[in-house]
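In what follows, a structure is listed as structure tokens, so that the remarks can point back to it.
There are 2 protein chains.
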Amino acid sequence: MKQIEAIKEFGGWLRRYQHNAISCNCAMTFSVYLPPQAQTQQVPAVYFLSGLTCTDDNVRVKAGAQRYASELGRALVMPDTSPRGNDVADEPDRYDLGQGAGFYVNATQAPWSRHYQMYDYVTKELPALIESELPIIPGLKSITGHSMGGHGALVCALKNPGAYRSVSALAPICHPVQCGWGETCFSAYLGNDRDAWKDYDATELIKAGAQPMNLPIDQGTGDEFLDDQLHPQNLQTAGKAKDFPITLRMQRDYDHSYHFIATFIGEHLAYHAQALEV
Amino acid sequence: MKQIEAIKEFGGWLRRYQHNAISCNCAMTFSVYLPPQAQTQQVPAVYFLSGLTCTDDNVRVKAGAQRYASELGRALVMPDTSPRGNDVADEPDRYDLGQGAGFYVNATQAPWSRHYQMYDYVTKELPALIESELPIIPGLKSITGHSMGGHGALVCALKNPGAYRSVSALAPICHPVQCGWGETCFSAYLGNDRDAWKDYDATELIKAGAQPMNLPIDQGTGDEFLDDQLHPQNLQTAGKAKDFPITLRMQRDYDHSYHFIATFIGEHLAYHAQALEV
Chain A
671 MKQIEAIKEF GGWLRRYQHN AISCNCAMTF SVYLPPQAQT QQVPAVYFLS GLTCTDDNVR
731 VKAGAQRYAS ELGRALVMPD TSPRGNDVAD EPDRYDLGQG AGFYVNATQA PWSRHYQMYD
791 YVTKELPALI ESELPIIPGL KSITGHSMGG HGALVCALKN PGAYRSVSAL APICHPVQCG
851 WGETCFSAYL GNDRDAWKDY DATELIKAGA QPMNLPIDQG TGDEFLDDQL HPQNLQTAGK
911 AKDFPITLRM QRDYDHSYHF IATFIGEHLA YHAQALEV
Chain B
671 MKQIEAIKEF GGWLRRYQHN AISCNCAMTF SVYLPPQAQT QQVPAVYFLS GLTCTDDNVR
731 VKAGAQRYAS ELGRALVMPD TSPRGNDVAD EPDRYDLGQG AGFYVNATQA PWSRHYQMYD
791 YVTKELPALI ESELPIIPGL KSITGHSMGG HGALVCALKN PGAYRSVSAL APICHPVQCG
851 WGETCFSAYL GNDRDAWKDY DATELIKAGA QPMNLPIDQG TGDEFLDDQL HPQNLQTAGK
911 AKDFPITLRM QRDYDHSYHF IATFIGEHLA YHAQALEV
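Protein sequences appear in the order of chains A and B.
Under the numbering used here, residues 671 to 948 are what the first sequence spells out, in order.
Under the numbering used here, residues 671 to 948 are what the second sequence spells out, in order.
Structural data, given as structure tokens:
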């Protein structure tokens, strides 16, 4: 991997890398914030998965997360949201399909399957890469995300019990098989068999018997996508039926923007930092 | 004035307004973050003046300042960096002259003088407006800024002793009459008489006998504009000759970006919050 940017921030370094990803079969860009502690020791990592239209840049510029990562001594890993490039399938007129909208699945359908293997990329290839190249403790990681990335965080954790010390989500897409965004991407990437979609749906994974784990979730009541796309109540209902410890906090008047993320990311990172005590 | 946006953040509200500015003779947009305390009482205000190319939006999205304003119970006032509009003079191919580059002066030269009255706007019209319309304590204010906005903050405070409880700056343009950015804008806005420029130059104002005040300044040593444009050492030299309490902190490896601002804005806001104790 090649470092393409290094910016000093809160005593640590915000670094950006590019590498040829095997899973996604293309050059991928990601950012890592290494806190000051990483200059002398290995540190645990929190992965932040971003939402539709984002690259690795949005969260590092807008969320204010590096301040907390610096204070807590945790690395912050910020992947892109899809494969990228001129030869990567895309729907350039859509924000919710193709590049910027990888949905953290392994696509099975042409033309998407050639590059859209974001689930493998985020859960396997990227951790292996950074744990071998950067001062990050192998295997000691947690995961969170926003919107499509909140969905991604929940699914990555639910499908890999034990792989993450903790998981949380901000305004996640909780039941993608039941919302427009999910239906669009899952039908393209995974085909018409809706049963196959359930393997990448947090609500359906819980219904199907996923191993219980704590799921702290923050959701704004003023979120413009709450009614049509996010469906946290479906996740909560599924969780209750399976004695699943879901803590859904409805945050009055907050919207879907990074101002909402900025407000609550500190609590999420503190939660993960504690779960990641060495 | 008309509210055009309201976003909940850190328990308070980030609000954006538009109004017909008399000084700038056009519609102006600005943002104000009102902390939770402003729901029940009037609060003091810290003005943040932004740098070249910015609108009111950059700082509110990228600086992470609202978190501190919320904790400290201070309003944050974020003006635009120039007049705007199709009938406002501009150099659309330049980032460092015209719209986005008002330099916080009152222009005297055509075609700029018709709208480019940012000094009056920031020091008089905007404070009067928000102090009459919002829960902000009249006259209790401090000022800071970044780059061109750091220059603006220093000049506004130096030219108005007593008007601001405190002033600080992040990577300010300290000696604009001696740098390319300043020469470009001052010759356009103020004409060829270089003596007239000195009235909007912090270093020259100190040399000319401005009333001493504390000037805490942070400057990154990795700032790509440090050598050619910013000249903090000129300000420091002028300050020493006049027993002016300038605290210039050279921050190792930091650049000119919002990642630098985000790192240090908390200390600046804490400093201003203390100076603004009611």
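Ideal Cβ placement from N, Cα and C applies to all residues, glycine included.
Judged by DSSP secondary structure, TYR738/A falls within the alpha helix (DSSP H) whose first and last residues are 735 to 742.
Bounds of any beta strand (DSSP E) do not take in GLN903/A; it lies within the alpha helix (DSSP H) bounded by 902 to 911. Taking a 10 Å sphere around the C-beta of ALA691/A, we find 16 or more other C-beta atoms and assign the residue as buried. In the structure shown, PHE718/B falls within a strand segment according to DSSP collapsed to helix, strand and coil.
The continuous alpha helix (DSSP H) containing ASN728/B extends over residues 727 to 732. Contact between the segment 857 to 872 of chain A and the segment 772 to 792 of chain A is established, with three or more Cβ pairs separated by less than 8 Å.
Per DSSP, TYR703/A lies in no alpha helix (DSSP H); the unbroken beta strand (DSSP E) holding it starts and ends at 696 to 704. Under a criterion of Cβ atoms nearer than 8 Å, no residue of chain A is adjacent to GLU937/B; the nearest Cβ is some 12 Å distant.
Pairing LYS672/A with GLN709/A, the inter-Cα distance amounts to about 19 Å.
In the three-state reduction of the DSSP assignment, ALA841/A falls in the coil class, being assigned neither a helical nor a strand state. Taking a Cβ-Cβ threshold of 8 Å, the residues of chain B close to ALA932/A are GLU679, PHE680, GLY734, GLN736 and ARG737, in chain order.
Remark: three or more beta-carbon pairs, one from each stretch, lie closer than 8 Å, so the segment 839 to 847 of chain A and the segment 922 to 931 of chain A are flagged as touching.
Boundaries of the beta strand (DSSP E) around LYS672/A: 672 to 679.
Looking at the backbone, the Cα of ILE800/B and that of GLY936/B are separated by about 23 Å.
Judged by DSSP secondary structure, LEU875/B falls within the alpha helix (DSSP H) whose first and last residues are 872 to 877. The contact set of GLY892/B on chain A, defined by CB atoms closer than 8 Å, consists of LYS678 in chain order. Residues of chain B whose Cβ lies closer than 8 Å to the Cβ of ASP923/A are, in chain order, LYS678.
For PRO781/A, no beta strand (DSSP E) segment is defined, and its DSSP state is neither H nor E. Distance from the Cα of PRO915/B is smallest, within the candidate group ILE887/B, TRP683/B and HIS942/B, for ILE887/B.
Assignment of THR933/A by DSSP, reduced to helix, strand and coil, places it in the helix class. Going by beta carbons, MET748/A and ALA827/A fall outside the 8 Å limit. The C-beta distance from ALA872/B to HIS821/B rounds to 6 Å, short enough to fall under 8 Å. Here ILE807/A really is in contact with PRO714/A; their C-beta atoms are around 5 Å apart, less than 8 Å. Under the 8 Å criterion on CB atoms, HIS929/A is classed as interfacial with respect to chain B. Contacts with chain A at 8 Å (Cβ-Cβ) do not include VAL775/B. Under DSSP, the beta-bridge partners assigned to SER812/B are VAL716/B. Setting aside the 5 residues that flank it on each side, CYS694/A is surrounded in the same chain by PRO753, HIS785, GLN787 and TYR791, each with a C-beta closer than 6 Å to its C-beta; the list follows chain order. Below 8 Å, too few C-beta pairs join the segment 761 to 769 of chain B and the segment 729 to 746 of chain B to call them touching: fewer than three.
Chain order gives the chain A residues near LEU684/B as HIS929, where near means a beta carbon separation below 8 Å. In the DSSP secondary-structure assignment, VAL747/B is bridged to VAL702/B and TYR717/B. Residues of the same chain with a CB within less than 7 Å of the CB of GLY743/B, apart from the 5 flanking positions on each side, are PRO705, GLN707 and VAL713 in chain order.
Not flagged as an interface residue toward chain B: VAL729/A, since no C-beta distance is shorter than 8 Å. Listed as beta-bridge partners of ALA771/B by DSSP are GLY768/B. Excluding the 5 residues flanking it on each side, GLY721/A has same chain C-beta neighbours closer than 6 Å at HIS816, SER817, MET818 and GLY819, in chain order. For THR917/A, the CB contacts under 8 Å within the same chain, skipping 5 residues up- and downstream, are ASN884, LEU885, PRO886 and ILE887 in chain order. Scanning its chain for C-beta atoms nearer than 6 Å, with the 5 sequence neighbours on each side dropped, one finds around LYS732/B the residues TYR928, in chain order.
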